[in-house]
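K.L.:
For reference, the structure I am asking about is given below.
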Amino acid sequence: MKTLKTLLVSATALLLVACGNSESADSGEQTVTVAVENASEPLSFTDENNELTGYEVDVINAIDEAIEGYNINIESVDAEAAQVGLETGQYAFIGGGLYKTAEREEMYLFPEEYTGASVIEIFKRADDDSIQLLDDLPGKTVHPVTPNGGIFNLLTAYNEEHPDNQIDIQLGESGNFSERFQAIDSGQSDAVVMPSNLGAEEIISELGLNVNTADEPVQVNPTYFMLSKDQEDLKVAMDEAIAQLKEDGTLQEFSEKWYGDNIFDYEVTND
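First residue of the sequence shown? That's 0 in our numbering, and the numbers climb one at a time after it.
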């Protein structure tokens, strides 16, 4: 069984980490360093014991167990540092719940199999049956979205496709998840469009709010780890490992653990 070292980035650690890859003299395995975000619960975050944990951390650990010929070290960094490190060769791949885009596919490699999903839902008051689809949002007060963010792009695309049924897109700070759901509960907003698999149900339950989701997700976006272009061999090895982890139910177990839901039950609608 391989040993996976979970590293928290610090000034000292950055001086000691070897960029890119190295060969382990003892095992003959190639050691690669990868990065996940340091405060993106439940994907990856530091817990109360100062341990790096989360869905993607568990998935990388499992890949490290299953993969042949590689030993994987994890670093915890912010999103910008992860991107820069991938570009400079410091990291072989990075996490962060990343979507495929045409631009990214030109610059990076993606595994054949997705390892996560962003399930976009409409949250509304539980006693409001008038909202089930994006088609129902025109004339409603939709909670503000961040300009140029993923939800902004989703709603803008809807408006472009439906010139006679426009959603009033309010721009601004969305607030944390609790604030968004409280705005719905109080009637300040009629709906908020956002991913559901980021602890939403737990927050709503803890606060005792009169909020639930529409019957069906608006969109299900598969998410991937993203590899540098020179990691073709690692990508091939990861493809085999990820397929194995899906087949034996490991990824589904991690999904239930961190999201309280099996994200692999959802039909992908946007790939």
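For every residue, glycine included, the Cβ atom is placed at its ideal position computed from N, Cα and C.
1) Report yes if the C-beta distance between residue 287 and residue 96 is below 7 Å; otherwise report no.
2) Among 174, 34, 31 and 109, which has the Cα closest to the Cα of residue 100?
3) In angstroms with no decimal places, state the Cα-to-Cα distance between residue 187 and residue 141.
4) Could you give the residue range of the alpha helix (DSSP H) that holds residue 104?
5) When DSSP builds the beta bridges, which residues end up paired with residue 226?
6) Output the distance between the C-alpha atoms of residue 240 and residue 167, rounded to the nearest integer angstrom.
7) Of the residues 35, 28, 247 and 41, which one's Cα is nearest the Cα of residue 202?
8) Taking the straight line between their C-alpha atoms, what separation do you get for residue 76 and residue 121?
9) Which residues bound the alpha helix (DSSP H) around residue 263?
10) By alpha-carbon positions, which one of 94, 79, 62 and 63 ends up nearest to residue 221?
11) DSSP three-state label for residue 248, please.
12) Roughly how many angstroms lie between the CA atoms of residue 144 and residue 28, to the nearest whole one?
13) Locate the alpha helix (DSSP H) running through residue 158, then write down its first and last residues.
14) If we ignore side chains and look at the alpha-carbon of each, how far apart do residue 184 and residue 30 end up?
P.N.:
Quick answer:
1) Shown here, the chain extends from 0 to 270; a query on residue 287 therefore has no answer.
2) Within the sequence shown, residue 100 is the residue found at index 101, counting from 1. Among 174, 34, 31 and 109, the Cα nearest to that of residue 100 is on 109.
3) Taking the sequence shown and counting its residues from 1, the one referred to as residue 187 is at position 188. Taking the sequence shown and counting its residues from 1, the one referred to as residue 141 is at position 142. The alpha-carbon atoms of residue 187 and residue 141 are separated by roughly 9 Å.
4) As a first step, residue 104 must be located in the sequence shown, where it is residue number 105. Residues 101-106.
5) Your numbering for residue 226 matches position 227 in the sequence shown. Beta-bridge pairing links residue 226 to 92 and 108.
6) The residue you call residue 240 lines up with position 241 of the sequence shown. The residue you call residue 167 lines up with position 168 of the sequence shown. Approximately 45 Å, taken between the alpha carbons.
7) On the sequence shown, residue 202 is found 203 positions in, with the first residue counted as 1. When only C-alpha atoms are compared, the closest one is 41.
8) Translated into positions along the sequence shown, residue 76 becomes position 77. Translated into positions along the sequence shown, residue 121 becomes position 122. Rounded to the nearest angstrom, the two C-alpha atoms are 31 Å apart.
9) One-based indexing of the sequence shown puts residue 263 at position 264. Looking at the DSSP string, residue 263 is not in any alpha helix (DSSP H), and its letter there is neither H nor E.
10) Start at 1 with the first residue of the sequence shown, and residue 221 comes out as number 222. Comparing Cα-Cα distances from residue 221 to each of 94, 79, 62 and 63, the minimum goes to 94.
11) Counted from its first residue, the sequence shown places residue 248 at position 249. Residue 248: coil per DSSP, three-state reduction.
12) One-based indexing of the sequence shown puts residue 144 at position 145. One-based indexing of the sequence shown puts residue 28 at position 29. Straight-line Cα distance between these residues: approximately 46 Å.
13) Locating residue 158 in the sequence shown gives position 159, where the first residue counts as 1. Run containing residue 158: 149-160, per the alpha helix (DSSP H) assignment.
14) As a working mapping, residue 184 is identified with position 185 in the sequence shown. As a working mapping, residue 30 is identified with position 31 in the sequence shown. Cα-Cα distance, rounded: 50 Å.
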